[in-house]
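Take 1218 as the starting number for the sequence shown in our numbering and just add one per residue. Backbone N, C-alpha and C fix where the C-beta goes; we use that ideal spot for every residue, glycine too. See structure below.
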Amino acid sequence: MDFTLTETRAMLSDSLRRTLQRGADWAALVDLGAPAALFSEEMGGFGGAGFDIALVFEELGRACAVTPMLDSCVLAGGLLADCGEEAPVAAIIAGEAQAALAHWEPGSRYAPDPLMTVAQPMGQGWQITGHKAVVVNAPEAGLILCSARMPEGAAGLFLLDRDAGGLDLRDTPLMGGGTAAEIDLRAVPARLLHADASSLIEARIARAALAQCAEALGLMQAIRDLTLDYLRTRTQFGRPIGQFQALQHRMADMLIEVEQVRSAVINLAGQIDSDRVTRERHVSAAKVLTGEVARLVCEESIQMHGGIGLTEEYALGQRAIRLSMCDHRFGDIDHHLARFTELGRLTAETAP
């Protein structure tokens, strides 16, 4: 297979890398068209495919950039696009609005559907009652989507009225950068977007997992470059420590594992629009491999750097923290190992 980037994607990758190297803010990324690359032409963008997601987030990871791109564009914005909400999607693409998805609940870990948050009819609309945990980007988001159990038991998707009473938002910083919030909902008015959104949410979480794996790949490459530079410049016993064979072997092993992650990201990007079981098996496989290699890269790079690798002033520490956190979003290694096994069993049972 030919994995060469198309001309448009190559230009976007080059522009993103140069812009991010200058320390670009969110407005600069919007002007560059990075959010638009994550939406289809039908919704006002110019991409939206798996390879577009992988490209954008690999560059964001390489630059260790903290942006609302994943939660505002891939997750919440993507769900708005799936529901045909053209006006809010246009506002997100133009940088005029940000969005967040309130889906996970305390104690639910990676459960796919809302457990305790419920929706009840209220006149011509709906009201939502419950609690949502770690809603990333919620403090900055003007648009908050919320999943809730419908009276008949399905998972509905709603757009909350942030200005109405009953919504209590408590924000907190995240270890990897950015902010999240705990949200209490007490009969908050909401507009129904989709009455049975389980499959839509699962498909969007798959795309978000792809984005997270691609971001981790970019972080690994940045850590690789920092470590190689350190091995070339740090001297011991009168010569660069990169000349010592033991460190060369460790570095070579790390580089091979990073290339394995690249293959997994490319594979997942190519399967993101496949049938559900095929798509989700590739999601779980990519998350497991990315999580395992992320741990290896963090440990090996810090050990080869020594004490300086843990200091706040040095770039490695921040990137290692971000990389470590990648494993915990959208399912960790243990979750996806069990899930991959279960999906494999389903595949075997349905095979002719």
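Going by DSSP, E1399 is part of the beta strand (DSSP E) stretching over 1396 to 1411.
In the structure shown, G1294 adopts helical secondary structure according to DSSP, grouped into three states. From the listed residues A1431, L1417, A1537, the smallest Cα separation to D1299 is found for L1417.
Secondary structure of A1428 (DSSP, three-state): helix.
Cβ contact annotation for A1251 (same chain, cutoff 6 Å, sequence separation greater than five): V1273, in chain order. Measuring C-alpha to C-alpha distances from I1483 to each of P1457, M1260, R1496 identifies R1496 as the nearest. The three-state reading of DSSP puts H1348 in strand, counting E and B together.
Assignment of A1355 by DSSP, reduced to helix, strand and coil, places it in the helix class. For T1564, the enclosing alpha helix (DSSP H) starts and ends at 1550 to 1567. Rounded to whole angstroms, the separation of the alpha carbons of A1245 and G1534 is 26 Å. For S1364, the uninterrupted beta strand (DSSP E) run begins and ends at 1360 to 1366, by DSSP. In this structure, H1411 places its C-beta atom within 8 Å of the C-beta atom of G1373. The Cβ neighbour count for P1305, taken over all protein chains shown within 10 Å, is at least 16; the residue is labelled buried.
If you draw a straight line from the Cα of R1408 to the Cα of T1334, it comes to about 15 Å. Per the C-alpha coordinates, the member of I1458, R1234, T1223, C1290 positioned closest to L1255 is C1290.
When A1398, A1253, G1324, H1466 are compared, the shortest CA-CA separation from V1351 is found for A1398. D1242 and E1566 have their C-alpha atoms some 50 Å from each other. Here Q1465 is exposed, its C-beta having fewer than 16 other C-beta atoms within 10 Å.
When the alpha-carbon of T1221 is set against those of G1240, V1247, L1277, D1269, the nearest one is in D1269. When the alpha-carbon of L1427 is set against those of G1261, L1292, M1228, the nearest one is in L1292. Assignment of T1528 by DSSP, reduced to helix, strand and coil, places it in the coil class. Here F1375 carries a strand assignment [DSSP, helix/strand/coil].
Rounded to whole angstroms, G1278 and A1433 show a C-alpha spacing of 6 Å. Here S1491 is not near H1553, since their CB atoms are 8 Å or more apart. For Q1520, the enclosing alpha helix (DSSP H) begins and ends at 1493 to 1522. A1336 and A1381 have their C-alpha atoms some 16 Å from each other. Following the DSSP letters along the chain, one finds V1283 in no alpha helix (DSSP H), marked with neither H nor E. Between A1425 and F1557, the C-beta gap is not smaller than 8 Å, which leaves the two residues out of contact.
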